[in-house]
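Residue numbers (our numbering), protein chains in the order written: chain R, 1 to 213; chain V, 1001 to 1213; chain H, 2001 to 2213; chain S, 3001 to 3213. Step one of this worksheet: look at the structure below.
There are 4 protein chains.
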Amino acid sequence: MTDSKRRGRPPGDASADTAQRILDTARRLFAERGYAETTIKLVAARAGLTSAALYHYHPSKLDLYVAVHAECRQRFLAVLDAAQATALTFTDKVLAILDASERLQADDPIVGWFTASARVDVARRPELQAALRRGSDWWTQLCRTVVDTGVSTGELRADDHAVVMAFLSALLLGLGETAALDERLHARALAGSRLVLDAVLRGRLGRAAELVP
Amino acid sequence: MTDSKRRGRPPGDASADTAQRILDTARRLFAERGYAETTIKLVAARAGLTSAALYHYHPSKLDLYVAVHAECRQRFLAVLDAAQATALTFTDKVLAILDASERLQADDPIVGWFTASARVDVARRPELQAALRRGSDWWTQLCRTVVDTGVSTGELRADDHAVVMAFLSALLLGLGETAALDERLHARALAGSRLVLDAVLRGRLGRAAELVP
Amino acid sequence: MTDSKRRGRPPGDASADTAQRILDTARRLFAERGYAETTIKLVAARAGLTSAALYHYHPSKLDLYVAVHAECRQRFLAVLDAAQATALTFTDKVLAILDASERLQADDPIVGWFTASARVDVARRPELQAALRRGSDWWTQLCRTVVDTGVSTGELRADDHAVVMAFLSALLLGLGETAALDERLHARALAGSRLVLDAVLRGRLGRAAELVP
Amino acid sequence: MTDSKRRGRPPGDASADTAQRILDTARRLFAERGYAETTIKLVAARAGLTSAALYHYHPSKLDLYVAVHAECRQRFLAVLDAAQATALTFTDKVLAILDASERLQADDPIVGWFTASARVDVARRPELQAALRRGSDWWTQLCRTVVDTGVSTGELRADDHAVVMAFLSALLLGLGETAALDERLHARALAGSRLVLDAVLRGRLGRAAELVP
DNA sequence: CATGAATGAGGGTTCATTCAT
DNA sequence: GATGAATGAACCCTCATTCAT
């Protein structure tokens, strides 16, 4: 009536925080390999489970991805938003964001990598786009808040709003890319960005070399 | 296999035509969906062939990707390098590159998209990395050339070489990203970049709004 | 496991309640979807348990099926056999069976559906066949009893025994099918059957239309 | 670049009529095991292919089923409709259908089995229902045609139309069931049916035993 | 009794690739 | 050059079942 091969849960096994281990593993793998190339089986194996067990926590690959995405977005947003909120002017807000993202990247680089990686995956796969429609523009929102501040403090002309937002987006995107490419490059690009922003926004031009550790 | 047809292609040669159609189709699909999600069958179908027939032109998916990549790199490099070569100073070279990339993007957006898309795919897949090792750093090379010029003209301090290169890389990468995301965003980010560079490099600050069409 | 609770079940006993709920749910699902398509998890969920909990009541899916099957057979047999026993002649016994099956169907249609559904499932799966070998021919037995009576009362020739049994089986099977397909169709088919049997067995031919409600 | 294990079509293999072999195998397996229990892999193996190769002929399991279903329906309908068309009265048409179905069953029993088996599978699975909506009522249509004839020839009262159709359906369904259960039972049930119909429709009652081979 | 977590064994399907024609 | 037919390797997901609590 029952097969000779053992089916069912094996005896002697109980490990907590499996859920978090799954998320951590998935985040790293999604970041490194992207959505398509990351198999559920591999995530499960790296987290110490069978793929079937993983389905106990997330009902589908897409759901797993969404969960990871949400977690990353939240962590990113919490840090950057807090940083931006501590500053009062446009200039300070931008620089605070740079600082915060640098700290986050140093603290847990995978969050940043995943975020960069996710951008292309989401753009490529309509299913992900659909599943993530809500809250996927936090990035733009953040930029808008900062630029709005700039306009209201008089640092920026209202006319320049769109262009500044676009430039800021491009710069932050580019910094994210360098973070994914090479740690040293990222550090230098950050230094350069601070320098340039300082020059443009405060009118003083420093020496780049002094800024890089 | 495609090399012999490239120059002096006889008019009405169906084979050369097919070869180019394959490359065009593949470029677009690789750009839109990435490497893993693009199937040989789909490329073939869109190009009007069977997948088996495609193997007459490219011996494997990876080879096809490499071919597309090489073609794009060459086209990109030709344009940007020519543009940079016409200018004499760092400042002018950078602005020339911006102009040229904007023209290229307007002319054939897919080349730009593919380039952005390829970055992540290559980073993700070791096989691609291995196959593309040669010539994959043209990007860095170009930046280096330009920054070198800046140092030799005295526009930049030698100490700042690395930081400026990193900043330039980040900015150009970010602009590439915006190009892939949204045409208008890209246009504005370009305008903003010109403005900022002008301000930093020439010390004059214009109004952003005037630059956007 | 369920046997002990069956008679004299103490009022308010949750366990016996659960057991019956499981059987009811399973009967309906097995009837509607068949054996393979009915998952233990779904039965459990509909009965308000976990699938693991269901295993406290039935040690395997097959056992659950067997339990449902036995229950249905018993209920069916009890009704039909009682009905048949009240009549003395072949003709009356057959008509009594038709009446009784109609009442049963009206009372709890799922029992009939399950019985029809079970026939194919058992025929399809050797495991079920093996597990149900005992008592799975109650159907034939019932027919035989009735036909035997016909022979002994002189209504049927002994030579015709086999053919009449086969015809009766076919007709009852067919009626069961119509019951599963459509209620109205079943009602009409029953009416037609009564008419035809009356004509053949008693030599009087009525109007069909008068028999259908 | 290519794996060590051989991928692709193996050398030295070319067999025609694969398509028909697939249909034959699938018909038998679907008939014997039903939809859910029949795996694509098994069909393929029995037909001498890999499951992947089967997808070259039918894009999904459901499509394969639909193909088999259509083929069976067509064969069934062709035979029964031709038989019915040769007769002019209701009585003769019904008996002709019985004869034809008996011949078909003797000729290729699997068609009949599949048809009986398909009924429950289609009823159970909404997907099949949806896919087969067109032409799934050929059965009813055939009955209607025959009964219509009976009314127009005066053999049946118009009032009895519905009841006769229902009875005929039930009887034919039941005969189909016996065919699936046991060959001898089917033969006897057919004989009994002829007898009963003759008695009811022509008013003469024969001896059943003479009709069975 | 009941549950949550876990497993092995598939099941349908896709895909890059290859061979014969 | 081009095509249809074929393959092995995966991939996502489901399911009956079991164990610890």
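Here a beta-carbon is modelled for each residue, glycine too, at the ideal position from N, C-alpha and C.
Looking at the C-beta of phenylalanine 1030 of chain V, does it have a partner C-beta in chain R at a distance below 8 angstroms?
-> By 1-based counting over the second sequence, the position of residue 1030 of chain V is 30. Closer than 8 angstroms: no.
By a C-beta neighbour count over all protein chains shown, 10 Å radius and 16 as the cutoff for buried, is lysine 2041 of chain H buried or exposed?
-> Within the third sequence, numbered from 1, the residue matching residue 2041 of chain H stands at position 41. Exposed.
Nearest candidate by alpha-carbon position, reference alanine 1096 of chain V, set V:Asp1108, V:Leu1080, V:Ala1067 and V:Ala1131 = Here residue 1096 of chain V refers to the residue found at position 96 when the second sequence is read from its first residue. Cα-wise, what sits closest to alanine 1096 of chain V is V:Leu1080.
Indicate whether at least one CB of chain V lies closer than 8 angstroms to the CB of leucine 171 of chain R.
-> Position 171 of the first sequence, counted from the start, is the residue given in the question as residue 171 of chain R. Yes, contact with chain V.
Report the residue ranges of all beta strand (DSSP E) runs contained in full by the stretch 2167-2196 of chain H; include only those spanning at least 3 residues, in chain order.
-> none
With glycine 1150 of chain V and leucine 1142 of chain V assumed to form a contact (beta carbons below 8 angstroms), what rounded beta-carbon distance in angstroms separates them?
-> Locating residue 1150 of chain V in the second sequence gives position 150, counting from the first residue. Locating residue 1142 of chain V in the second sequence gives position 142, counting from the first residue. Rounded, the Cβ-Cβ distance is 13 angstroms, inconsistent with contact.
If we cut at 8 angstroms on Cβ distances, does valine 151 of chain R have a partner in chain V?
-> What you label residue 151 of chain R is simply residue 151 of the first sequence in a count that begins at 1. Not one chain V Cβ lies under 8 angstroms of valine 151 of chain R.
Identify every run of the alpha helix (DSSP H) within the stretch 3074-3120 of chain S, keeping only runs that are complete inside it and at least 4 residues long; order them along the chain.
-> 3090-3107, all fully within the stretch 3074-3120 of chain S.
From V:Glu1102, V:Lys1093 and V:Asp1017, residue whose alpha carbon lies closest to that of leucine 1175 of chain V = By one-based count along the second sequence, residue 1175 of chain V stands at place 175. When only C-alpha atoms are compared, the closest one is V:Glu1102.
With a cut-off of 8 angstroms, does the C-beta of glutamate 3177 of chain S fall near any C-beta of chain H?
-> Position 177 of the fourth sequence, counted from the first residue, corresponds to residue 3177 of chain S. So yes, glutamate 3177 of chain S belongs to the interface.
Quick one: is leucine 64 of chain R near chain V, going by C-beta distance under 8 angstroms?
-> For the purposes of this step, residue 64 of chain R is taken as the residue at position 64 of the first sequence. Chain V, which has no Cβ nearer than 8 angstroms to the Cβ of leucine 64 of chain R, makes this no.
Three-state secondary structure assigned by DSSP to histidine 1058 of chain V | Start at 1 with the first residue of the second sequence, and residue 1058 of chain V comes out as number 58. If DSSP states are grouped into helix, strand and coil, histidine 1058 of chain V belongs with coil.
Going by other Cβ atoms of all chains shown within 10 Å of its Cβ, with 16 needed for buried, is glutamate 3177 of chain S buried or exposed?
-> If you number the fourth sequence from 1, residue 3177 of chain S lands on position 177. Glutamate 3177 of chain S comes out buried.
List the residues of chain R whose Cβ lies closer than 8 angstroms to the Cβ of serine 1193 of chain V, in chain order.
-> Looking up residue 1193 of chain V in the second sequence gives position 193. Under the 8 angstroms cutoff, chain R gives Phe167 and Ala170.
With 16 other Cβ atoms within 10 Å as the buried cut-off, status of histidine 56 of chain R = Here residue 56 of chain R corresponds to residue number 56 of the first sequence, with the count starting at 1. Exposed, since its Cβ has fewer than 16 Cβ neighbours within 10 Å.
Segment contact, 8 angstroms Cβ cut-off, at least three pairs: the stretch 122-130 of chain R with the stretch 104-112 of chain R = no
Report the rounded CA-to-CA distance for aspartate 3198 of chain S versus histidine 3186 of chain S, giving the unit in angstroms.
-> Here residue 3198 of chain S is taken as the residue at index 198 of the fourth sequence, counted from 1. Here residue 3186 of chain S is taken as the residue at index 186 of the fourth sequence, counted from 1. Taking the straight line joining both Cα atoms gives about 18 angstroms.
Do phenylalanine 90 of chain R and serine 1193 of chain V have their C-beta atoms closer together than 8 angstroms?
-> Residue mapping note: residue 90 of chain R aligns to position 90 of the first sequence, counting from 1. Residue mapping note: residue 1193 of chain V aligns to position 193 of the second sequence, counting from 1. In this structure, serine 1193 of chain V does not lie closer than 8 angstroms to phenylalanine 90 of chain R by Cβ.
Cutoff 8 angstroms: valine 196 of chain R Cβ touching any chain V Cβ = Taking the first residue of the first sequence as 1, we reach residue 196 of chain R at position 196. Taking Cβ atoms only, chain V reaches closer than 8 angstroms to valine 196 of chain R, which makes this a yes.
For threonine 3018 of chain S, does the three-state DSSP call read helix, strand or coil?
-> Indexing the fourth sequence from 1 puts residue 3018 of chain S at position 18. Three-state result, threonine 3018 of chain S: helix.
Does the Cβ of aspartate 1214 of chain V have 16 or more other Cβ atoms within 10 Å, making it buried, or fewer, making it exposed?
-> The requested residue 1214 of chain V is not part of the displayed model; chain V covers only 1001 to 1213.
Mind checking if arginine 2073 of chain H is an interface residue toward chain S, Cβ cutoff 8 angstroms exclusive?
-> For the purposes of this step, residue 2073 of chain H is taken as residue 73 along the third sequence, with counting starting at 1. No, its Cβ sits nowhere closer than 8 angstroms to a Cβ of chain S.
What's the C-alpha gap between arginine 2119 of chain H and tryptophan 2139 of chain H?
-> Indexing the third sequence from 1 puts residue 2119 of chain H at position 119. Indexing the third sequence from 1 puts residue 2139 of chain H at position 139. Those two C-alpha atoms are separated by around 11 angstroms.
Could you tell me which of V:Arg1202, V:Val1122, V:Ile1022 and V:Trp1113 sits nearest to threonine 1050 of chain V, measuring between CA atoms?
-> Along the second sequence, one-based indexing puts residue 1050 of chain V at 50. Per the Cα distances, V:Ile1022.
Nearest-angstrom beta carbon gap, alanine 31 of chain R and serine 152 of chain R [assumed within contact, 8 angstroms] | The residue given as residue 152 of chain R occupies position 152 in the first sequence. The residue given as residue 31 of chain R occupies position 31 in the first sequence. Rounded, the Cβ-Cβ distance is 37 angstroms, inconsistent with contact.
Please say whether cysteine 72 of chain R and arginine 27 of chain R have beta carbons closer to each other than 8 angstroms?
-> Indexing the first sequence from 1 puts residue 27 of chain R at position 27. Indexing the first sequence from 1 puts residue 72 of chain R at position 72. Contact flag set, yes.
Beta carbon of valine 1043 of chain V nearer than 8 angstroms to that of alanine 1131 of chain V | The count along the second sequence starts at 1 and reaches residue 1043 of chain V at position 43. The count along the second sequence starts at 1 and reaches residue 1131 of chain V at position 131. Taking 8 angstroms as the cut-off, the Cβ atoms of valine 1043 of chain V and alanine 1131 of chain V do not count as close.
Name the residue from V:Asp1063, V:Asp1017 and V:Ser1060 whose alpha carbon lies nearest to the alpha carbon of alanine 1047 of chain V.
-> Numbered from 1 along the second sequence, position 47 holds the residue referred to as residue 1047 of chain V. Looking at the Cα atoms, V:Asp1017 is the closest of the given residues.
Under a CB-based cut-off of 8 angstroms, is arginine 3202 of chain S close to chain H?
-> Working through the fourth sequence from its first residue, we reach residue 3202 of chain S at position 202. Cβ-Cβ to chain H under 8 angstroms: no for arginine 3202 of chain S.
In terms of alpha-carbon separation, which member of V:Ala1014, V:Asp1099 and V:Leu1054 lies closest to leucine 1195 of chain V?
-> Indexing the second sequence from 1 puts residue 1195 of chain V at position 195. Checking every option, the nearest Cα to that of leucine 1195 of chain V belongs to V:Asp1099.
Chain H contacts from the stretch 3036-3054 of chain S (Cβ-Cβ distance under 7 angstroms) = Ala3036 and Glu3037
Classify threonine 3025 of chain S as buried or exposed, calling it buried when 16 or more other Cβ atoms lie within 10 Å of its own Cβ.
-> Within the fourth sequence, numbered from 1, the residue matching residue 3025 of chain S stands at position 25. Threonine 3025 of chain S is buried by the Cβ-count criterion.
Between the CA atoms of glutamine 2020 of chain H and alanine 2078 of chain H - distance to the nearest angstrom = Locating residue 2078 of chain H in the third sequence gives position 78, where the first residue counts as 1. Locating residue 2020 of chain H in the third sequence gives position 20, where the first residue counts as 1. C-alpha of alanine 2078 of chain H to C-alpha of glutamine 2020 of chain H: approximately 19 angstroms in a straight line.
Consider the Cβ of arginine 3144 of chain S: report whether some Cβ of chain H lies at a distance smaller than 8 angstroms.
-> The residue you call residue 3144 of chain S lines up with position 144 of the fourth sequence. It does not: the Cβ of arginine 3144 of chain S has no partner Cβ on chain H nearer than 8 angstroms.
Quick one: what's got a C-beta closer than 7 angstroms to arginine 75 of chain R's C-beta in the same chain, skipping five residues either side?
-> Position 75 of the first sequence, counted from the start, is the residue given in the question as residue 75 of chain R. Val111, listed in sequence order.
What did DSSP end up calling arginine 2202 of chain H once you bin it into helix, strand or coil?
-> Counting from 1 along the third sequence, the entry for residue 2202 of chain H is found at position 202. Note: arginine 2202 of chain H maps to helix in three-state DSSP.
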